[in-house]
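*Asks:* Residue numbers (the numbering used here): 9 to 167.
#1: Would you tell me roughly how many angstroms separate the C-alpha atoms of residue 74 and residue 20, rounded to the nearest one?
#2: Could you spell out where the beta strand (DSSP E) holding residue 145 opens and where it closes?
#3: According to DSSP, is residue 111 helix, strand or coil?
#4: Which of the three DSSP states, helix, strand or coil, is assigned to residue 47?
#5: Taking just the CA atoms, how far does residue 161 sit from residue 86?
#6: So what's residue 99 in DSSP terms, helix, strand or just coil?
#7: Using 10 angstroms around the beta-carbon of residue 139, count the other beta-carbons present and answer buried if the total reaches 16, otherwise exposed.
#8: According to DSSP, is residue 75 part of a helix, a strand, or is it coil?
#9: Output needed for residue 110: all residues of its chain with C-beta closer than 6 Å, excluding positions within five of it in sequence on either side, in chain order.
#10: Note down, in chain order, each residue of its chain lying with its Cβ closer than 8 Å to the Cβ of residue 132, except the 5 sequence neighbours on either side.
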């Protein structure tokens with residue numbers, strides 16, 4: 009019995025030592041406060057991507073993106089706009105940003121990927137109405153994107 013305790017303790021200590029020594033998160037609400045104020049066109053009913061393009065330029069310095077290198081998975085029809093599952097995956101990205109055109113704010117989230125990180129994320133976002141979900145990743149100094157239209161049948165923002 010003592011051997012099992014010793015092995016359990018030893019494996020636990022080894023796991024703690026293998027953890028990253030420093031974890032850092034960037035507060036983009038403080039670093040890029042104007043990006044969070046970029047609005048989508050309310051009159052377009054989620055069809056215009058002008059807000060997304062402006063936010064991409066504000067975050068990455070350019071809005072020139074290429075399609076590809078990102079696998080985006082989102083439902084064709086979301087039964088409830090309050091919890092729309094979105095997952096995306098790419099290789100060797102340094103920064104990833106998630107946008108949507110359905111709500112007033114274009115930007116949903118920004119992720120800084122550590123050098124040894126695996127950019128494979130799953131999140132649930134809130135969408136007021138039908139709109140386009142866009143993911144942009146910075147890979148080797150170039151921007152790549154993937155987009156998908158998600159039809160929302162029940163509004164997630166009070167309706």
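Ideal Cβ positions, reconstructed from N, Cα and C, are used throughout, including at glycine.
*Replies:* The answer reads as follows:
#1: Indexing the chain shown from 1 puts residue 74 at position 66. Indexing the chain shown from 1 puts residue 20 at position 12. Going by the C-alpha atoms only, they are around 44 Å apart.
#2: Translated into the one-based positions of the chain shown, residue 145 becomes position 137. It spans 139–147 - the beta strand (DSSP E) in which residue 145 sits, taken as one unbroken run.
#3: Within the chain shown, numbered from 1, the residue matching residue 111 stands at position 103. Of the three classes helix, strand and coil, the one that applies to residue 111 here is coil, per DSSP.
#4: One-based indexing of the chain shown puts residue 47 at position 39. DSSP places residue 47 within a strand segment (E or B) once states are collapsed to three.
#5: The count along the chain shown starts at 1 and reaches residue 86 at position 78. The count along the chain shown starts at 1 and reaches residue 161 at position 153. Using only the alpha carbons, I get a separation of about 6 Å.
#6: What you label residue 99 is simply residue 91 of the chain shown in a count that begins at 1. Reduced to three states, the DSSP call for residue 99 is coil.
#7: By 1-based counting over the chain shown, the position of residue 139 is 131. Residue 139 is buried by the Cβ-count criterion.
#8: The sequence position of residue 75 within the chain shown is 67, counting from 1. Here residue 75 sits in strand by DSSP.
#9: Taking the first residue of the chain shown as 1, we reach residue 110 at position 102. For residue 110, where only same-chain residues beyond five positions count, the Cβ hits under 6 Å are 54, 135, 136, 137 and 139.
#10: What you label residue 132 is simply residue 124 of the chain shown in a count that begins at 1. Result list for residue 132: 91, 92, 93 and 94, in chain order.
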